[in-house]
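Residue numbers (our numbering): 4 to 133.
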């Protein structure tokens with residue numbers, strides 16, 4: 004038995020229908036059958052993120068005792084992400100450009116770009132240290 008009707012409680016108007024469609028899609032694309040404890044936890048996490056859009060992935064993961072990667076995948080697959088707030092429009096636009104460039108690189112080369120690494124801790128020892 005699906006827990007979707009229970010999770011929609013407290014959400015009104017268009018939000019309720021949007022949440023319902025997100026949860027139904029998540030339920031249908033999951034290989035587990037409705038009523039499965041793991042699937043229910045996934046749906047609860049998605050509903051929590053929908054109702055609390057500023058909650059971070061870590062907060063969702065900790066609340067539902069999920070691995071951070073799993074929680075992130077559930078949220079991403081449901082089309083929910085934490086809004087960028089408190090930044091100037093120019094900064095938000097620059098962030099979106101970086102995200103777009105990252106996705107474009109990943110699509111074109113089929114791998115993630117390499118991360119910047121600091122080598123300051125690998126300095127050569129001085130004569131006094133030897």
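Quick reminder that beta carbons are idealized off the backbone N, C-alpha and C, glycines included.
Quick one: using the 10 Å Cβ neighbour count with 16 as the cut-off for buried, is residue 115 buried or exposed?
Sequence index remark: in the chain shown, residue 115 carries index 112 (1-based). Answer is exposed; the Cβ neighbour count stays below 16.
Am I right that residue 25 and residue 82 are in contact with their C-beta atoms under 8 Å? What's the rounded C-beta distance?
The sequence position of residue 25 within the chain shown is 22, counting from 1. The sequence position of residue 82 within the chain shown is 79, counting from 1. Going by Cβ atoms, the distance from residue 25 to residue 82 rounds to 7 Å, so yes, they are a contact pair.
With respect to the alpha helix (DSSP H) encompassing residue 110, which residues constitute its N-terminal and C-terminal limits?
As a position in the chain shown, residue 110 is number 107, starting the count at 1. Its alpha helix (DSSP H) spans residues 92-112.
Return the first residue and the last residue of the alpha helix (DSSP H) that residue 46 is part of.
As a working mapping, residue 46 is identified with position 43 in the chain shown. Note, residue 46: alpha helix (DSSP H), 40-54.
Euclidean distance between Cα positions of residue 40 and residue 102
By 1-based counting over the chain shown, the position of residue 40 is 37. By 1-based counting over the chain shown, the position of residue 102 is 99. Rounded to whole angstroms, residue 40 to residue 102 spans 34 Å at the Cα level.
Please state whether the Cβ-Cβ distance between residue 85 and residue 57 is less than 8 Å.
Counting from one through the chain shown, the residue named residue 85 turns up at place 82. Counting from one through the chain shown, the residue named residue 57 turns up at place 54. Cβ atoms of residue 85 and residue 57: closer than 8 Å.
Any idea if residue 45 is buried or exposed, counting beta-carbon neighbours within 10 angstroms, 16 or more meaning buried?
Residue mapping note: residue 45 aligns to position 42 of the chain shown, counting from 1. Answer is buried; the Cβ neighbour count reaches 16.
Start-to-end residues for the alpha helix (DSSP H) that takes in residue 24:
Translated into the one-based positions of the chain shown, residue 24 becomes position 21. Its alpha helix (DSSP H) spans residues 17-32.
Looking at the secondary structure, which residues open and close the alpha helix (DSSP H) in which residue 77 lies?
Against the chain shown, residue 77 aligns to sequence position 74. Looking at the DSSP string, the run of the alpha helix (DSSP H) that includes residue 77 is 71-80.
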